[in-house]
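Sequence lines, in order, name chains A, B, C and D.
Numbering of the first sequence is given in this note's numbering, commencing with residue 1 and proceeding in unit increments.
Numbering of the second sequence is given in this note's numbering, commencing with residue 1001 and proceeding in unit increments.
Numbering of the third sequence is given in this note's numbering, commencing with residue 2001 and proceeding in unit increments.
Numbering of the fourth sequence is given in this note's numbering, commencing with residue 3001 and proceeding in unit increments.
Ideal Cβ placement from N, Cα and C applies to all residues, glycine included.
All values derive from a computational prediction rather than experimental measurement.
To start, the structure itself, in structure tokens.
4 protein chains.
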Amino acid sequence: MNDTFEDHCWRDIIPPDVIELYQHYKRDLYIGPRAALVAIDLYELAYQGGAKPVAEVAKDYPSSCGIHAWNAIAPAQKLFAAARAAGLPVFFTTTETRTAAKPGAVRATNRRMPQSQRGPDVYAIRPEFAPQPGETVIYKQRASGFFGTPLIAHLTQLNIDTVIICGESTSGCVRATTVDGYSYGFHMVMAEEACFDRSPISHKVNLFDLHHKYADVMTVADIASRLEGRMQAEAAQ
Amino acid sequence: MNDTFEDHCWRDIIPPDVIELYQHYKRDLYIGPRAALVAIDLYELAYQGGAKPVAEVAKDYPSSCGIHAWNAIAPAQKLFAAARAAGLPVFFTTTETRTAAKPGAVRATNRRMPQSQRGPDVYAIRPEFAPQPGETVIYKQRASGFFGTPLIAHLTQLNIDTVIICGESTSGCVRATTVDGYSYGFHMVMAEEACFDRSPISHKVNLFDLHHKYADVMTVADIASRLEGRMQAEAAQ
Amino acid sequence: MNDTFEDHCWRDIIPPDVIELYQHYKRDLYIGPRAALVAIDLYELAYQGGAKPVAEVAKDYPSSCGIHAWNAIAPAQKLFAAARAAGLPVFFTTTETRTAAKPGAVRATNRRMPQSQRGPDVYAIRPEFAPQPGETVIYKQRASGFFGTPLIAHLTQLNIDTVIICGESTSGCVRATTVDGYSYGFHMVMAEEACFDRSPISHKVNLFDLHHKYADVMTVADIASRLEGRMQAEAAQ
Amino acid sequence: MNDTFEDHCWRDIIPPDVIELYQHYKRDLYIGPRAALVAIDLYELAYQGGAKPVAEVAKDYPSSCGIHAWNAIAPAQKLFAAARAAGLPVFFTTTETRTAAKPGAVRATNRRMPQSQRGPDVYAIRPEFAPQPGETVIYKQRASGFFGTPLIAHLTQLNIDTVIICGESTSGCVRATTVDGYSYGFHMVMAEEACFDRSPISHKVNLFDLHHKYADVMTVADIASRLEGRMQAEAAQ
């Protein structure tokens, strides 16, 4: 049995007797041979107010994940570098903003948004992760990157078997996308430190739920190492 | 502002400063005029081993929610009584078991299931909630009651605007169904004590997430009172 | 039995003995109390080359429906006027053109498109039907207005029971949208002269198929009269 | 350009000048390396009344395709043999009949069905094509084999890139499934003589539409030859 199966960020919040209840979910983790990276909502809105505690930025920027967003930049950059080096197709989700599409009527959550927090600028992908030529942006209005979007068509056409997820928020769009991806039949992998949320408890409990039921939560280092190992194996052939 | 918006079971686990971060989600709760009840996975499997702590039943019955399942029977019965008295369409989800459909290949989660825990018997709806004539059973293979099922077609044909959710598990099929229902455009209501999970922390954090982002979590008494009030208003006309 | 059930454009192409085979589909036609208008792909591309026979415009404008598009303008205008007067929510579909969304990778059909026929200009809605404030544009990449779009969420949120379809092409996006709408549980109505196709035989056979299996094909005059009658009935209350 | 692109059953009904309008759809046909066979509604109901003209059986058996069903048995058997020999995953669709699922409320089409034509017996797969161990039956309530079913999850999990379609009716469930399969991102192939319909004109026009827009229509001999050629190439390695 995999000794590191529970060696993740939820350890300090999920007591051992609860973890024991989930022994029936233990299994070997893996990345399939045809993986894609899907980065959820890495847009400006999540970083507004800067690298400060969420409590300091939440009033002015209700969609910001504050310090949690900023802390996830370096791990996500490492993940992107590994994915791009391995030639994985890369997808980004962001929010539909065209007025004619009525993005205010069909929204990701029930959160009220100040007018200053709408419009295309705040939904631009952060420059650290700027989409490269050939990468695809999925414009969505609900939480899941699959709902009301052509993401499934892109993934099927590329014959993808594994979807690696990063981004925000763990308890919102990341979770919804991961559950849908599992339902559609993909092997789901989550990049632990490259996912973030405004609330640590929701972040940890959602990763815990997802790891057991629907997805393989791995560290960025683990994912990068597996992708690199694959490239070396291919090069040696 | 609604003073009772946060007056729910997660109070003992989500600290006040985190709750403060979610102030932008506060809103008035309601049940729309054309509601339906969707009861998730109230099948025998969740009650196996009896009304005991989950730790005592988990080894033999990995799908059981033990005492949490049994504690939710009375509230769920009250909810069913109120819904049926108010004439709401009632739907049940359970798991597809026909061998030819390959329920083992497309499954709700990654959990390994002993052979003794498969087959139609363990997926029969508990007698306390037995489907009445005219009520509909949705057979599913994934977590969400919407995924790979005709549930959306039934709800649209009945012109439903609100879906009231109860059942299990809060962190699995209940959550997946609730998020999908929100995405499809329904007003979602969750019956707090009539939802359950094997893990209290996952139960509470998932209800917290869902209440703020996607659904109105209400007590069974609140739901029953609103449905009864509506009937009295109609009778008085 | 409804004597006018088969009194439609397919009469000159479907022989009476075949129509007799479809007697089991005869039923009363209707528009439900909460209808919406969904206009499919009424964009410039379909009108390119002008009101000429398709054979004359097809080489330069492979997406044009030529004279059939132009002939449908007046009926569609009458339909729009009736729908707007009756207060129906109005939706338009058109093609996604944002480069980042990779509209060339996930496309409506296998048709090869000259470069001159791409880009936002040719996918602008014709000025005769220009979206009014409050009306919604659905950007799609596949044939169906439902596939990969939030259309179902909009319709559910508005509690729509009937979807009235017009636009093009009858054998492509109109058909795909109509079948999906039926599957989702809406009562589907098609505005006969306000639907069009580059090929009369495909137009007629598809309307024939759809009328029997999935939708109520009505003349524009019939639809307008029913909507107007409803307004008068409401005004008289 | 592929000279045989239009060499199909619709030649006697679609005039050359119309075919000329569809030149922009010409392309090379193919079967991808990871194909599956999906057989639509090859159940007893379609064969009721025997190998007679549809007009003779339609009154008693409104769902029968009569002689067209029976004529398609031998080609479909050849197709099944080729697919099974090549190791393709095989899926069947049929109609949901469990009373609790309310198959009468959510139905494939608007056709009225005599009581004698309901129930599990008439929806059993014909013995000529009986599902083998390991093959999967998809129970559906709408026309498309994808709508309200887990078919997409099965295909994704098997990493399928091409779906070969046979069965009935061409103008109903076959078409709806083929359009959905294209939308989901699969390369779609249709086995011409192994698809059938009660009405020859609908059969031919639908195949014509589908061939140009969404699918590669091939003869059974062509499909069988391609699958066999692939096996020989693999054996020679």
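Test: residue i CB closer than 9 Å to a CB of chain D
i                  : result
Lys-1213 (chain B) : no
Proximity test, Cβ basis, 9 Å: residue i and chain B
i                  : result
Tyr-182 (chain A)  : yes
Val-174 (chain A)  : no
Gln-132 (chain A)  : no
Leu-21 (chain A)   : yes
Gly-3148 (chain D) : yes
Contact set for residue i: own chain, Cβ-Cβ below 7 Å, skip 5 residues either direction
i                  : result
Ile-3125 (chain D) : Leu-3042, Tyr-3043, Phe-3092, Thr-3094, Pro-3131
Phe-1129 (chain B) : Ala-1039, Leu-1042, Ala-1076, Phe-1080
Gln-1248 (chain B) : Within the shown structure, residues of chain B are numbered from 1001 to 1237, placing residue 1248 (chain B) beyond reach of any answer.
Ile-1073 (chain B) : Glu-1128
Asn-159 (chain A)  : Arg-34
CB of residue i within 9 Å of CB of residue j, strictly
i                  : j                  : result
Ala-2989 (chain D) : Val-1106 (chain B) : Because chain D here runs from 3001 to 3237, residue 2989 (chain D) falls outside it and cannot be looked at.
Lys-2213 (chain C) : Ser-3171 (chain D) : yes
Gln-1048 (chain B) : Gln-1117 (chain B) : yes
Val-2090 (chain C) : Ala-2046 (chain C) : no
Ser-3144 (chain D) : Ser-2199 (chain C) : no
Ala-58 (chain A)   : Glu-1020 (chain B) : yes
Met-2051 (chain C) : Ile-2067 (chain C) : Checking the sequence shown, residue 2051 (chain C) turns out to be Ala, not Met. It is a contact, given that the beta carbons lie within the stated cut-off.
Asp-2235 (chain C) : Pro-150 (chain A)  : In the sequence as displayed, the identity of residue 2235 (chain C) is Ala instead of Asp. Contact flag unset, no.
Val-3179 (chain D) : Arg-2230 (chain C) : no
Pro-2127 (chain C) : Thr-2097 (chain C) : no
Gly-2185 (chain C) : Gly-148 (chain A)  : no
Phe-146 (chain A)  : Gly-104 (chain A)  : no
Val-1205 (chain B) : Val-205 (chain A)  : yes
Cutoff 9 Å: residue i Cβ touching any chain C Cβ
i                  : result
Pro-3062 (chain D) : yes
Asp-1216 (chain B) : no
Val-179 (chain A)  : no
Gln-157 (chain A)  : yes
Met-1001 (chain B) : Its pLDDT being 42, under 50, Met-1001 (chain B) is placed unreliably in this model, and the value from its coordinates should be taken loosely. So no, Met-1001 (chain B) is outside the interface.
Arg-226 (chain A)  : no
Arg-1118 (chain B) : no
Ile-3164 (chain D) : no
Phe-1186 (chain B) : yes
Met-3113 (chain D) : yes
Close Cβ partners of residue i (< 8 Å) along its chain, the five nearest in sequence each way excluded
i                  : result
Asn-2002 (chain C) : Residue confidence is low: Asn-2002 (chain C) scores 49 on pLDDT, short of 50, so the model does not pin down where it sits. Its coordinate-derived value is still stated next. Only Lys-2026, Arg-2027, Asp-2028, Leu-2029 meet the Cβ criterion.
Glu-228 (chain A)  : Ala-82, Ala-85, Ala-86
Leu-2207 (chain C) : His-2008, Cys-2009, Trp-2010, Thr-2170, Met-2190, Glu-2192, Cys-2195, Val-2217
Gln-1232 (chain B) : none
Val-2054 (chain C) : Ser-2064, Cys-2065, Gly-2066, Ile-2067, His-2068, Arg-2198, Ser-2199
His-187 (chain A)  : Tyr-30, Ile-31, Gly-32, Asp-161, Thr-162, Val-163, Asp-216
Pro-3114 (chain D) : Pro-3062
Those residues which DSSP pairs with residue i across a bridge
i                  : result
His-1187 (chain B) : B:Thr-1162
Glu-168 (chain A)  : A:Phe-196
Leu-3037 (chain D) : D:Val-3090, D:Ile-3164
Tyr-139 (chain A)  : A:Thr-94
Val-3217 (chain D) : D:Met-3190
Tyr-43 (chain A)   : A:Ile-125
Beta carbon proximity, residue i to chain A, threshold 9 Å
i                  : result
Arg-3230 (chain D) : no
Asp-3028 (chain D) : no
Ala-3153 (chain D) : yes
Thr-2219 (chain C) : no
Cut-off 6 Å between Cβ atoms - residues of its own chain near residue i, not counting five sequence neighbours on either side
i                  : result
Ser-2202 (chain C) : Ser-2171
Val-1122 (chain B) : Glu-1044, Leu-1045
Cys-1173 (chain B) : Ile-1040, Asp-1041, Ala-1143
Thr-3177 (chain D) : Ile-3040, Ser-3144, Gly-3145
7 Å Cβ cut-off: residues of chain G touching residue i
i                 : result
Gly-167 (chain A) : The structure shown has no chain G; the protein chains it does contain are A, B, C and D.
The region 138-155 of chain A / the region 3-16 of chain A touching (three or more Cβ pairs under 8 Å): no
Stretch pair the region 1095-1115 of chain B + the region 3160-3178 of chain D: three plus CB contacts closer than 8 Å: no
Touch test, the region 1180-1196 of chain B against the region 1206-1224 of chain B, Cβ-Cβ under 8 Å, three pairs minimum: yes
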